[in-house]
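To start, the structure itself, in structure tokens.
Protein chains: 2
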Amino acid sequence: MSASVLPKALAFDVFGTVVDWRTSITRESAAFLTAIGRDDVEAAAFADAWRGQYIAAMIGMRKSGRAFAVLDVLHREMLEAALRERDIDPEGLDEALLADWNRAWHRLDPWPDAVEGLTRLKGRLPIVTLSNGNVALLLAMARRAGLPWDAILGAEISGAYKPDRQAYLRTAEVLGIAPGELCLVAAHHGDLAAARGCGLLTAYVDRPDEYGGAPAPDAHYAQSWEWSATSLTDLAAQMGC
Amino acid sequence: MSASVLPKALAFDVFGTVVDWRTSITRESAAFLTAIGRDDVEAAAFADAWRGQYIAAMIGMRKSGRAFAVLDVLHREMLEAALRERDIDPEGLDEALLADWNRAWHRLDPWPDAVEGLTRLKGRLPIVTLSNGNVALLLAMARRAGLPWDAILGAEISGAYKPDRQAYLRTAEVLGIAPGELCLVAAHHGDLAAARGCGLLTAYVDRPDEYGGAPAPDAHYAQSWEWSATSLTDLAAQMGC
Numbered sequence: 001m002s003a004s005v006l007p008k009a010l011a012f013d014v015f016g017t018v019v020d021w022r023t024s025i026t027r028e029s030a031a032f033l034t035a036i037g038r039d040d041v042e043a044a045a046f047a048d049a050w051r052g053q054y055i056a057a058m059i060g061m062r063k064s065g066r067a068f069a070v071l072d073v074l075h076r077e078m079l080e081a082a083l084r085e086r087d088i089d090p091e092g093l094d095e096a097l098l099a100d101w102n103r104a105w106h107r108l109d110p111w112p113d114a115v116e117g118l119t120r121l122k123g124r125l126p127i128v129t130l131s132n133g134n135v136a137l138l139l140a141m142a143r144r145a146g147l148p149w150d151a152i153l154g155a156e157i158s159g160a161y162k163p164d165r166q167a168y169l170r171t172a173e174v175l176g177i178a179p180g181e182l183c184l185v186a187a188h189h190g191d192l193a194a195a196r197g198c199g200l201l202t203a204y205v206d207r208p209d210e211y212g213g214a215p216a217p218d219a220h221y222a223q224s225w226e227w228s229a230t231s232l233t234d235l236a237a238q239m240g241c
Numbered sequence: 001m002s003a004s005v006l007p008k009a010l011a012f013d014v015f016g017t018v019v020d021w022r023t024s025i026t027r028e029s030a031a032f033l034t035a036i037g038r039d040d041v042e043a044a045a046f047a048d049a050w051r052g053q054y055i056a057a058m059i060g061m062r063k064s065g066r067a068f069a070v071l072d073v074l075h076r077e078m079l080e081a082a083l084r085e086r087d088i089d090p091e092g093l094d095e096a097l098l099a100d101w102n103r104a105w106h107r108l109d110p111w112p113d114a115v116e117g118l119t120r121l122k123g124r125l126p127i128v129t130l131s132n133g134n135v136a137l138l139l140a141m142a143r144r145a146g147l148p149w150d151a152i153l154g155a156e157i158s159g160a161y162k163p164d165r166q167a168y169l170r171t172a173e174v175l176g177i178a179p180g181e182l183c184l185v186a187a188h189h190g191d192l193a194a195a196r197g198c199g200l201l202t203a204y205v206d207r208p209d210e211y212g213g214a215p216a217p218d219a220h221y222a223q224s225w226e227w228s229a230t231s232l233t234d235l236a237a238q239m240g241c
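These protein sequence lines are chains A and B, in that order.
Going by our numbering, the first residue of the first sequence is number 1, and it counts up by one from there.
Going by our numbering, the first residue of the second sequence is number 1, and it counts up by one from there.
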């Protein structure tokens with residue numbers, strides 16, 4: 001599947017689409033759980049619980065009228081909540097350890113095709129982030145993983161979290177292009193559906209291992225996207241890069 | 001001259017520090033002036049007149065209470081004013097030609113040491129823009145010139161033009177570091193003085209050809225900066241990169 005006219009820029013979802021958050025957060029959490037003497041807690045389930053509060057946090061931000069807080073702050077709140085669910089009191093833990101655990105989100109490993117795919121796509125089109133991650137998080141991740149972004153855009157720059165329309169529309173505006181000239185690349189049907197609702201082009205990348213084999217929570221949003229690829233190198237090939 | 005402790009990130013002024021705006025704008029304006037049958041207008045003087053309104057425009061933005069407008073918009077207003085000063089009515093010119101002329105600021109050539117210097121510095125420290133240029137302008141410039149920014153920050157992201165304090169402080173905040181952990185790299189003493197006033201570290205890069213040999217308008221702000229270099233490769237050497 002491929003559309004005939006290329007977009008003027010590609011904007012990428014990051015968590016799950018470019019990087020494998022679950023494997024990295026599981027590995028890091030296993031080490032931190034051991035460090036606090038709680039290796040009885042299953043690390044993959046802990047990673048799922050930490051990330052599982054994410055959608056609720058996004059909706060909560062929107063409904064509560066709370067001033068925009070960056071994802072590093074929300075991740076920390078979600079970490080403390082996930083710990084409390086397991087009867088671990090974060091107040092009793094070392095602050096430096098908690099801060100470092102929270103920064104595990106800065107150290108996510110890319111999917112095996114990501115760096116090559118992004119590099120090839122960048123040869124033809126501007127590539128930017130359109131992630132709910134904050135700039136400091138995405139910058140640290142990019143430097144560690146070698147993700148060659150042209151610019152880091154998204155929620156913090158837009159002042160709104162996806163799937164708020166402002167996150168998509170403001171990204172196109174900052175790039176100086178129309179929404180229909182920007183293509184969101186994402187592994188999540190819900191994200192793509194929201195982008196399409198704002199007039200963006202859409203490219204789906206299949207990441208069947210994102211949830212460790214469990215079904216994606218937004219599978220019901222699946223539809224026919226302008227592009228559909230099995231990896232970022234496959235997308236690059238489809239876009240003639 | 002070199003400080004012993006490195007900053008956590010480097011933020012770069014761009015126009016004049018990384019790219020040679022005057023040579024590029026002169027060359028492009030010469031071609032456009034020829035295209036409109038006005039090669040009697042001296043192109044270097046036209047470039048100086050176009051850029052010359054810049055400081056006034058920055059101050060005007062601040063004092064007028066006008067909502068933040070990106071530099072592409074201000075450049076267009078300054079271009080039309082510079083044309084009118086030479087009795088050229090922009091209303092009588094082709095819109096596509098004017099838009100392309102204005103985008104000359106997206107096509108500025110780097111100083112000869114810039115790409116190597118930035119690449120070496122990036123090997124050790126995050127490098128971001130802290131420019132009054134807007135994201136679309138700086139992104140297009142970076143792709144054309146090969147400037148390897150980790151992130152494009154500055155006026156548009158901060159919602160304020162330098163030398164407004166918000167431009168410097170918000171850049172540090174977005175990077176998740178204290179002002180004193182961020183170093184501004186600039187060829188302009190006025191910019192560095194404003195950054196120092198906000199607590200940033202400062203690195204001066206000498207660009208004696210920026211104004212075609214004419215003295216810098218902000219020379220009276222000169223002082224002893226944490227670093228002082230003759231080029232970005234010299235700065236890289238001083239920072240052990």
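Yeah, the Cβ is synthetic: ideal placement off N, Cα and C, and Gly gets one too.
Predicted model, so just to flag it, every value in this text is computed and none were measured.
Check your understanding: Between residue 176/B and residue 72/A, which are expected to be in contact by the criterion C-beta below 8 Å, what is the C-beta distance as a whole number of angstroms?
Key -> Stepping through the second sequence from its first residue, residue 176/B is reached at position 176. Stepping through the first sequence from its first residue, residue 72/A is reached at position 72. Right, their Cβ atoms sit about 7 Å apart.
Is residue 222/B close to chain A? Criterion is C-beta to C-beta, closer than 7 Å. As a first step, residue 222/B must be located in the second sequence, where it is residue number 222. Not one chain A Cβ lies under 7 Å of residue 222/B.
Let me check understanding here. Comparing Cα to Cα, which of 107/B, 22/B and 225/B lies closest to residue 144/B? The residue you call residue 144/B lines up with position 144 of the second sequence. When each option's Cα is compared against that of residue 144/B, the closest is 107/B.
Between the Cα of residue 5/A and those of 226/A, 128/A and 13/A, spot the shortest distance and give me the residue it belongs to. Position 5 of the first sequence, counted from the start, is the residue given in the question as residue 5/A. Considering only 226/A, 128/A and 13/A, the residue with the shortest C-alpha distance to residue 5/A is 226/A.
> Would you say residue 139/B faces chain A, with C-beta separation under 7 Å as the test?
Replying inline: The count along the second sequence starts at 1 and reaches residue 139/B at position 139. Yes, residue 139/B lies at the interface with chain A (some Cβ there is under 7 Å from its Cβ).
*Any idea if residue 1/B is buried or exposed, counting beta-carbon neighbours within 10 angstroms, 16 or more meaning buried?*
Locating residue 1/B in the second sequence gives position 1, where the first residue counts as 1. Note that residue 1/B has pLDDT 47, beneath the 50 cutoff, so the model's placement of it is unreliable and the number below is only indicative. It counts as exposed.
**Prompt:** List, in order along the chain, the chain B residues whose C-beta lies closer than 9 Å to that of residue 126/A?
**Reply:** Along the first sequence, one-based indexing puts residue 126/A at 126. By Cβ distance, chain B contributes 139, 140 and 143.
Problem - Collapsed DSSP secondary structure at residue 152/A in the structure displayed - result: The residue you call residue 152/A lines up with position 152 of the first sequence. In the structure shown, residue 152/A sits in a strand (DSSP, three-state: E or B).
- prompt: Would a C-beta distance cut-off of 7 Å place residue 242/A and residue 171/A closer than the cut-off?
  reply: Past the boundaries of the shown model lies residue 242/A; chain A is included only from 1 to 241, so the question cannot be answered.
message = So residue 16/A and residue 188/A are supposed to be a Cβ contact under 8 Å. How far apart are they, rounded?
response = Within the first sequence, the letter at position 16 stands for residue 16/A. Within the first sequence, the letter at position 188 stands for residue 188/A. Confirmed, about 7 Å.
Please list the terminal residues of the continuous beta strand (DSSP E) segment that includes residue 245/B. Any question about residue 245/B goes unanswered here, given that chain B covers just 1 to 241.
query: Would residue 178/B count as contacting chain A if we go by Cβ distances under 7 Å?
result: In the second sequence, residue 178/B corresponds to position 178, counting from 1. It does not: the Cβ of residue 178/B has no partner Cβ on chain A nearer than 7 Å.
If we ignore side chains and look at the alpha-carbon of each, how far apart do residue 93/B and residue 36/B end up?
The residue given as residue 93/B occupies position 93 in the second sequence. The residue given as residue 36/B occupies position 36 in the second sequence. Their backbone Cα atoms lie some 8 Å apart in a straight line.
Does residue 51/B pass the burial test, meaning 16 or more other C-beta atoms within 10 Å, or should it be called exposed? Position 51 of the second sequence holds residue 51/B. Burial call: buried.
- Task: Quick one: which residues of the stretch 6-21 of chain B get their C-beta closer than 9 Å to a C-beta of chain A? List them in chain order.
- Result: 9
| At which residue ranges does the stretch 204-239 of chain B contain complete alpha helix (DSSP H) runs of 4 or more residues, listed in the order of the chain? | If we require 4 residues or more, the alpha helix (DSSP H) runs fully inside the stretch 204-239 of chain B come out as 232-238.
Next item on the list: For residue 150/A, go through chain B and note every residue whose CB falls closer than 9 Å to its CB, in chain order.
Entry: Translated into the one-based positions of the first sequence, residue 150/A becomes position 150. 139, 142, 143, 149 and 152, listed in chain order.
- Message: Determine, for residue 232/A, whether the minimum Cβ-Cβ distance to residues of chain B falls below 7 Å.
- Response: Here residue 232/A is taken as the residue at index 232 of the first sequence, counted from 1. For residue 232/A, the answer is no, since every Cβ of chain B falls outside 7 Å of its Cβ.
Using beta-carbon positions only, say whether residue 7/A and residue 156/A come within less than 7 Å of one another. For the purposes of this step, residue 7/A is taken as residue 7 along the first sequence, with counting starting at 1. For the purposes of this step, residue 156/A is taken as residue 156 along the first sequence, with counting starting at 1. Judged by beta-carbon spacing, residue 156/A lies beyond the 7 Å limit of residue 7/A, meaning their Cβ atoms are not closer than that value.
Report task. Please state whether DSSP places residue 46/B in a helix, a strand or coil. Result -> Here residue 46/B is taken as the residue at index 46 of the second sequence, counted from 1. In this structure, residue 46/B counts as helix in the three-state DSSP scheme.
Next item on the list: Take residue 154/B as the anchor and find which of 133/B, 53/B and 196/B has the nearest alpha-carbon.
Entry: As a working note, residue 154/B is residue 154 in the second sequence. Residue 154/B has its Cα closest to that of 133/B, out of 133/B, 53/B and 196/B.
| request: Can you grab the Cα-Cα spacing for the pair residue 101/B / residue 32/B, in whole Å? | output: Taking the second sequence and counting its residues from 1, the one referred to as residue 101/B is at position 101. Taking the second sequence and counting its residues from 1, the one referred to as residue 32/B is at position 32. Rounded to the nearest angstrom, the two C-alpha atoms are 7 Å apart.
Measuring alpha carbon to alpha carbon, tell me which residue in 80/B, 147/B and 58/B is nearest residue 70/B. Taking the second sequence and counting its residues from 1, the one referred to as residue 70/B is at position 70. Shortest Cα-Cα distance from residue 70/B to any of 80/B, 147/B and 58/B involves 58/B.
Going residue by residue through the stretch 49-117 of chain A, where are the continuous alpha helix (DSSP H) segments of at least 4 residues, counting only ones entirely within it?
54-64, 71-85 and 95-102
TODO: Quick one: grab the DSSP three-state call for residue 201/B.
DONE: Here residue 201/B refers to the residue found at position 201 when the second sequence is read from its first residue. Three-state DSSP puts residue 201/B in a strand.
ask   = DSSP state of residue 177/B, grouped into three classes?
value = Here residue 177/B refers to the residue found at position 177 of the second sequence. It is coil, neither helix nor strand.
Inset, instruction - Go to residue 125/B, then tell me how far its alpha helix (DSSP H) extends in each direction, as first and last residue. - result: By one-based count along the second sequence, residue 125/B stands at place 125. Looking at the DSSP string, residue 125/B is not in any alpha helix (DSSP H), and its letter there is neither H nor E.
Using the DSSP secondary-structure output, state which residues sit across from residue 12/A in a beta bridge. For the purposes of this step, residue 12/A is taken as residue 12 along the first sequence, with counting starting at 1. The partner list for residue 12/A (beta bridge, DSSP) reads 129/A and 185/A.
Residues of its chain near residue 49/B, where Cβ-Cβ distance is below 6 Å and the 5 sequence neighbours each way are ignored | The residue you call residue 49/B lines up with position 49 of the second sequence. Excluding positions up to five away in sequence, the list reads 82.
| request: Tell me where the alpha helix (DSSP H) around residue 23/A begins and ends. | output: One-based indexing of the first sequence puts residue 23/A at position 23. Where residue 23/A is concerned, the enclosing alpha helix (DSSP H) stretches over 21-35.
Q) Given a limit of 9 Å on CB to CB distance, which residues of the stretch 68-86 of chain B reach chain A? A) 70 and 72
**Report entry** Which listed residue (160/A, 113/A, 103/A and 141/A) has its alpha carbon closest to that of residue 206/A
**Finding:** By 1-based counting over the first sequence, the position of residue 206/A is 206. The shortest C-alpha separation from residue 206/A is found at 113/A.
Continuous alpha helix (DSSP H) stretch holding residue 135/A: start and end: Residue mapping note: residue 135/A aligns to position 135 of the first sequence, counting from 1. That run of the alpha helix (DSSP H) goes 135-145.
Note to self: On a Cα-Cα basis, can you pick out the residue from 45/A, 67/A, 40/A and 167/A that is closest to residue 191/A?
What the structure shows: As a first step, residue 191/A is located in the first sequence; it is residue number 191 there, counting from the start. Measuring from the Cα of residue 191/A, the nearest candidate turns out to be 167/A.
Open item on the list: Report the CB separation of residue 135/A from residue 9/A in whole angstroms; it is logged as a contact under 8 Å.
Closed with: Stepping through the first sequence from its first residue, residue 135/A is reached at position 135. Stepping through the first sequence from its first residue, residue 9/A is reached at position 9. At roughly 18 Å, the Cβ-Cβ gap does not stay under 8 Å, so residue 135/A and residue 9/A are not in contact.
Practice item. Please go through the same chain and pick out, in chain order, the residues whose beta-carbon is closer than 8 Å to the beta-carbon of residue 61/A, but skip the five residues on each side of it. Key: As a first step, residue 61/A must be located in the first sequence, where it is residue number 61. Result list for residue 61/A: 68, 69, 74 and 161, in chain order.
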